[in-house]
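If you count the sequence shown from 1, position 146 lands on 1567 in this note's numbering, and the numbers rise without skipping.
Where a beta carbon is used, it is the ideal one built from N, C-alpha and C, also for glycine.
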Amino acid sequence: MSAIDLARAERAALCDLLDEVGPDAPTLCEGWTTRDLAAHLVVREGRVDAALGVLGGPLAAWTEKVQNDAASQPFDKLVNLVRSGPPIWSHFRVPFVDGQMNTIEFYVHHEDVRRRQSDWSARDLNQALSNFLWDRIKLSGRLYFNNVKGGVTLIRTDGPDGEPEEHRAKSGEPMITITGPAGEIVLLAYGRQESEALVEGDPQAVAAFQETRLRVEDEEMLLEGEDD
């Protein structure tokens, strides 16, 4: 599967789940219901004037207003806007951009909804999605873990042919090791404490890591950081 196929599959699966749980279900995004999450995705793809406010700063109030306006629509319409994909004028309409920037976005937000349901369990991801997520975490690992004191080594347990793969995301001491399937490592990098990745190392370093609320809400934040 290509990155475009992966992004579209995660988008469709998230929309199916949104239809199933309805507008008022909780998510892992603090303070957001499923309605808020759907509105965020619509604004992110369709309102360039408001999307940058997600990063905070002087545009944050405008983004909040636009997102609240989007959330006031009937929920089925909101989900259909997400399902139909970005509008024709959006840069997310470019297939390469869609694949590279939306696969993680929709994977993480799909899990944001799944893992607030009482009967959730970790998915057994297909190899193509797992490989994509691992490649992205290797590419941008320094930015994900930049505010972690010490070093971070990632060990993926679901590599091709079941072989583990190791990547040093950040050098330094003391070193902690994060072990698990690529999808679980990505969720932990995005600050989702419901990840099943295992964090090991010096007890004080592990405790400090767990207290660090790593919050990277979407891929644009990482890409902007890479340009610095």
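Distance check for Asp1490 and Ile1576, CA to CA, integer angstroms please.
Counted from its first residue, the sequence shown places residue 1576 at position 155. Counted from its first residue, the sequence shown places residue 1490 at position 69. So the alpha carbons of these two residues sit roughly 42 Å apart.
Between the Cα of Trp1541 and those of Ser1616, Gly1443 and Tyr1611, spot the shortest distance and give me the residue it belongs to.
Reading the sequence shown from its first residue, position 120 is the one you call residue 1541. Of Ser1616, Gly1443 and Tyr1611, the residue nearest in Cα terms is Ser1616.
Own chain partners of Pro1444 with C-beta closer than 7 Å, once the 5 adjacent residues on each side are dropped:
Here residue 1444 corresponds to residue number 23 of the sequence shown, with the count starting at 1. Only Thr1454, Thr1455, Arg1456 and Phe1496 meet the Cβ criterion.
Compute the Euclidean distance between the alpha carbons of Leu1564 and Gln1494, then round it to the nearest angstrom.
Locating residue 1564 in the sequence shown gives position 143, counting from the first residue. Locating residue 1494 in the sequence shown gives position 73, counting from the first residue. Cα to Cα, Leu1564 sits roughly 35 Å from Gln1494.
What's the gap between the Cα of Thr1484 and the Cα of Val1463?
The residue given as residue 1484 occupies position 63 in the sequence shown. The residue given as residue 1463 occupies position 42 in the sequence shown. Here the C-alpha atom of Thr1484 lies approximately 12 Å from the C-alpha atom of Val1463.
The alpha helix (DSSP H) spanning Lys1559 covers which residue range?
Here residue 1559 refers to the residue found at position 138 when the sequence shown is read from its first residue. Run containing Lys1559: Gln1548 to Tyr1565, per the alpha helix (DSSP H) assignment.
For Glu1587, the residue or residues it bridges with in DSSP
By one-based count along the sequence shown, residue 1587 stands at place 166. For Glu1587, which the question treats as bridged, DSSP gives the partners Ile1576.
What's the C-alpha gap between Glu1632 and Asn1568?
Looking up residue 1632 in the sequence shown gives position 211. Looking up residue 1568 in the sequence shown gives position 147. Going by the C-alpha atoms only, they are around 11 Å apart.
If you draw a straight line from the C-alpha of Ala1434 to the C-alpha of Asn1523, how long is it?
Locating residue 1434 in the sequence shown gives position 13, where the first residue counts as 1. Locating residue 1523 in the sequence shown gives position 102, where the first residue counts as 1. Using only the alpha carbons, I get a separation of about 13 Å.
Chain-order list of residues whose beta-carbon lies under 6 Å from that of Asp1623 (same chain, five-residue window excluded)
Locating residue 1623 in the sequence shown gives position 202, counting from the first residue. Result list for Asp1623: Pro1595, in chain order.
Rounded to the nearest angstrom, what separates Leu1438 and Ile1509 at their Cα positions?
Counting from 1 along the sequence shown, the entry for residue 1438 is found at position 17. Counting from 1 along the sequence shown, the entry for residue 1509 is found at position 88. Taking the straight line from one Cα to the other gives about 25 Å.
For Leu1427 and Leu1550, believed in contact at Cβ under 8 Å, the rounded distance:
For the purposes of this step, residue 1550 is identified with residue 129 of the sequence shown, where counting begins at 1. For the purposes of this step, residue 1427 is identified with residue 6 of the sequence shown, where counting begins at 1. Confirmed, Cβ separation roughly 5 Å.
Thr1574 vs Glu1587 beta-carbon contact at 8 Å:
For the purposes of this step, residue 1574 is taken as residue 153 along the sequence shown, with counting starting at 1. For the purposes of this step, residue 1587 is taken as residue 166 along the sequence shown, with counting starting at 1. Cβ distance < 8 Å, so Thr1574 and Glu1587 count as in contact.
One or two residues paired with Thr1598 in a DSSP bridge
As a first step, residue 1598 is located in the sequence shown; it is residue number 177 there, counting from the start. Per DSSP, Thr1574 and Glu1621.
Can you tell me where the alpha helix (DSSP H) with Phe1513 in it begins and where it stops?
On the sequence shown, residue 1513 is found 92 positions in, with the first residue counted as 1. That residue, Phe1513, is in no alpha helix (DSSP H); it is neither H nor E in DSSP.
Report all residues from its chain with a CB closer than 6 Å to the CB of Tyr1528; omit the five preceding and five following residues, and keep chain order.
Here the question's residue 1528 lines up with position 107 in the sequence shown. For Tyr1528, where only same-chain residues beyond five positions count, the Cβ hits under 6 Å are Glu1431.
DSSP bridge partner residues for Pro1447 (one or two, in chain order):
Reading the sequence shown from its first residue, position 26 is the one you call residue 1447. Answer is Thr1454.
Same chain only: Cβ atoms within 6 Å of Ala1590, ignoring 5 sequence neighbours per side:
Counted from its first residue, the sequence shown places residue 1590 at position 169. Closer than 6 Å at Cβ, skipping near neighbours: Gly1562, Phe1566, Val1573 and Leu1575.
Assuming Leu1554 and Ile1597 form a contact by the criterion Cβ under 8 Å, report the distance between their Cβ atoms to the nearest whole angstrom.
The residue you call residue 1554 lines up with position 133 of the sequence shown. The residue you call residue 1597 lines up with position 176 of the sequence shown. 20 Å between Cβ atoms; not a contact.
What is the DSSP secondary structure of Pro1495, reduced to helix, strand or coil?
Translated into the one-based positions of the sequence shown, residue 1495 becomes position 74. In the three-state reduction of the DSSP assignment, Pro1495 falls in the coil class, being assigned neither a helical nor a strand state.
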